[in-house]
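Chemist: Just dropping this structure here.
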């Protein structure tokens, strides 16, 4: 299964999700960047863009579409952000009210869509460096946690840093840092290594989003800033409507991961 | 003179400009970042922030203040963007109507100020690498040119790329590229080396902003993206009011240039 979906073109992956398939996207269309989605009304778009600007580790912008626009160059101008994500979360006044496979009926002309980089982009590079990626091994969604670290607020937008966690063998933590540092456009280096309680995370088996995975003896929990952070800000900041991807269920783009690599 | 002002603290430099001194700021407060200023009404701020996001080479954001805010952490929370720039340009409906040493009377509660990185930040590094910086040698303002290259537009914001030009001895062009590449937060590597006509620049002795300088035999004109670009976008996009710095007359900040250096 993993091998199979890894070789799909982004356009083919988007087509499958458009036709209704609902699954986490880690490992899909290897070599192509996946994006977090969050769309808010035009009236909130400046605050959210400034929030992203001020919090570049959790919110690295890949693209922002014009108000009402639902395709763009990262989707070959044929994809559709309203249908091509496997699952969507709909927020009304900051409250998650629905999780749906198609967001077309919720779309409004004044919505501004933000495509935010995703750490899945550096997972191929981790694997190539021999660093295990547990949630791919186990065919699950990556575990994500709300932390006790506030982001820098911007206007009405504020909220906690959300992180993804990957258990890494202690002797490979340095490799994981080294490899992911080279991808600042998709969260970059870890924000925290070990000591989950310092981030306010009390139980690694109870992620706030995604699935818990196995942590083996000798493995250290390593935390990367996560693109679900804007959705946590939506929950705190309560715009009348927001559309996000379901965590781990990303928008597969035509952007090559290699273009996000810095020398 | 240059040596003298190079050693002033940013707070002291800002105080002199607040008290009325009008002069280009190249060479002032060595080691501290200087910023381009552009402030637009809240209603235009999203378009301008997205314009900056889409055109990071000319518009590297150092900070964006909240609507109405006129100081911030980059100014030690004591500076004042309305008074601390040596000279301001006031635009009404995109037309430059006044150049003034104090913008306080034009300030409005709905203005959002953008502080954009300036290539002056890498000039110390050029000098340290033995690369001459002509406009500092000659005590003039850097020459800047509007090009024929359009920026990526964003909503109502569109306009041409503006560049600054430094003549570099041919055998040191590679050094200039190498040194400035390490400062992506303040325009980074040149956008163009030689061949001004390809940028639509027909006469290097007639800059659109700043002062012409000497170009010696064996020197190549090297062009860097310039933070005057947002003002060129203001001229095209015609917000009802905008306040910018007079080109080359920058806001001296407390941010150290060294923090803008990437490894």
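Residue numbers (my numbering), protein chains in the order written: chain A, 1 to 263; chain B, 1001 to 1263.
Just so it is clear, CB atoms sit at the ideal spot from N, CA and C, and this is done for glycine as well.
Nearest to residue 1146 of chain B by CA position, among B/1027, B/1161 and B/1109, is which residue?
Modeler: Your numbering for residue 1146 of chain B matches position 146 in the second chain. Among B/1027, B/1161 and B/1109, the Cα nearest to that of residue 1146 of chain B belongs to B/1161.
Chemist: Between the beta-carbon of residue 1098 of chain B and the beta-carbon of residue 1169 of chain B, is there less than 8 Å?
Modeler: Here residue 1098 of chain B is taken as the residue at index 98 of the second chain, counted from 1. Here residue 1169 of chain B is taken as the residue at index 169 of the second chain, counted from 1. No, these two residues do not count as a Cβ contact at 8 Å.
Chemist: Near residue 20 of chain A, what residues of its chain come up, given a Cβ to Cβ distance below 7 Å and the 5 sequence neighbours on each side ignored?
Modeler: As a position in the first chain, residue 20 of chain A is number 20, starting the count at 1. Contacts found: 101.
Chemist: Please return the same chain residues whose Cβ sits closer than 7 Å to the Cβ of residue 1238 of chain B, not counting the five positions on each side in sequence.
Modeler: Translated into positions along the second chain, residue 1238 of chain B becomes position 238. Counting only Cβ-Cβ distances below 7 Å, and skipping sequence neighbours, we find 1093 and 1094.
Chemist: Between the alpha carbons of residue 1105 of chain B and residue 1255 of chain B, how many angstroms are there, rounded?
Modeler: Within the second chain, residue 1105 of chain B is the residue found at index 105, counting from 1. Within the second chain, residue 1255 of chain B is the residue found at index 255, counting from 1. When rounded, the separation of the alpha-carbon atoms in residue 1105 of chain B and residue 1255 of chain B is 27 Å.
Chemist: Rounding to the nearest angstrom, what Cα-Cα distance links residue 1199 of chain B and residue 1143 of chain B in this structure?
Modeler: Locating residue 1199 of chain B in the second chain gives position 199, where the first residue counts as 1. Locating residue 1143 of chain B in the second chain gives position 143, where the first residue counts as 1. A direct Cα-to-Cα measurement between residue 1199 of chain B and residue 1143 of chain B gives close to 15 Å.
Chemist: In chain A, which residues lie less than 7 Å from residue 1046 of chain B when you measure between Cβ atoms?
Modeler: On the second chain, position 46 is the one that residue 1046 of chain B refers to. What residue 1046 of chain B touches in chain A: 45, 46 and 49.
Chemist: Ignore the nearest five residues each way along the sequence and tell me which others in residue 111 of chain A's own chain have a CB closer than 8 Å to its CB.
Modeler: Along the first chain, read from residue 1 onward, the residue named residue 111 of chain A stands at position 111. Only 39, 40, 41, 42, 67, 68, 241 and 243 meet the Cβ criterion.
Chemist: Below 7 Å between beta carbons is the criterion; list the residues of the region 188–211 of chain A that meet it against any residue of chain B, in chain order.
Modeler: none
Chemist: Output, in chain order, the set of chain B residues within a Cβ distance shorter than 8 Å of residue 90 of chain A.
Modeler: Taking the first chain and counting its residues from 1, the one referred to as residue 90 of chain A is at position 90. What residue 90 of chain A touches in chain B: nothing, since even the nearest Cβ is about 23 Å away.
Chemist: Using the rule of at least 16 other Cβ atoms within 10 Å of the residue's Cβ for burial, across every protein chain shown, is residue 1034 of chain B buried or exposed?
Modeler: Indexing the second chain from 1 puts residue 1034 of chain B at position 34. The residue in question, residue 1034 of chain B, is buried, as its Cβ has 16 or more Cβ neighbours within 10 Å.
Chemist: In chain order, what are the residue ranges of uninterrupted beta strand (DSSP E) at least 3 long that sit wholly in the region 98–146 of chain A?
Modeler: 111–117
Chemist: Could you tell me whether the Cβ of residue 1069 of chain B comes closer than 8 Å to any Cβ of chain A?
Modeler: Here residue 1069 of chain B corresponds to residue number 69 of the second chain, with the count starting at 1. No, residue 1069 of chain B does not count as interfacial toward chain A.
Chemist: Pair every Cβ in the region 1077–1093 of chain B with every Cβ in the region 1190–1209 of chain B, then say whether three or more of these pairs are closer than 8 Å.
Modeler: They do not touch, by the three-pair rule.
Chemist: Determine the burial state of residue 1 of chain A: buried for a count of at least 16 other Cβ atoms within 10 Å of its Cβ, exposed for fewer.
Modeler: Looking up residue 1 of chain A in the first chain gives position 1. Residue placement at residue 1 of chain A is flagged as unreliable, the pLDDT there being 45, under the threshold of 50; the coordinate-derived value follows with that caveat. Under this definition residue 1 of chain A is an exposed residue.
Chemist: Which residues in the same chain as residue 55 of chain A place their Cβ atom closer than 6 Å to its Cβ, once the five residues preceding and following it in sequence are excluded?
Modeler: The residue you call residue 55 of chain A lines up with position 55 of the first chain. Once the five neighbours on either side are set aside, the close Cβ partners of residue 55 of chain A are 151 and 152.
Chemist: In its own chain, which residues sit with a C-beta less than 6 Å from the C-beta of residue 18 of chain A, not counting the 5 before and 5 after it?
Modeler: Reading the first chain from its first residue, position 18 is the one you call residue 18 of chain A. The residues are 83 and 84.
Chemist: What does residue 61 of chain A touch in chain B if you count any residue whose Cβ is under 7 Å from its own?
Modeler: Stepping through the first chain from its first residue, residue 61 of chain A is reached at position 61. Taking a Cβ-Cβ threshold of 7 Å, the residues of chain B close to residue 61 of chain A are 1053, in chain order.
Chemist: Residue 1148 of chain B: buried (16+ other C-beta within 10 angstroms of its C-beta) or exposed?
Modeler: Along the second chain, one-based indexing puts residue 1148 of chain B at 148. With fewer than 16 other Cβ atoms within 10 Å, it is exposed.
Chemist: Would you check if the distance between the CB atom of residue 72 of chain A and the CB atom of residue 63 of chain A is smaller than 8 Å?
Modeler: If you number the first chain from 1, residue 72 of chain A lands on position 72. If you number the first chain from 1, residue 63 of chain A lands on position 63. Cβ atoms of residue 72 of chain A and residue 63 of chain A: closer than 8 Å.
Chemist: Given residue 1273 of chain B, which residues of its chain have a CB within under 6 Å of its CB, disregarding the five upstream and five downstream residues?
Modeler: This structure cannot speak to residue 1273 of chain B, because chain B is shown only from 1001 to 1263.
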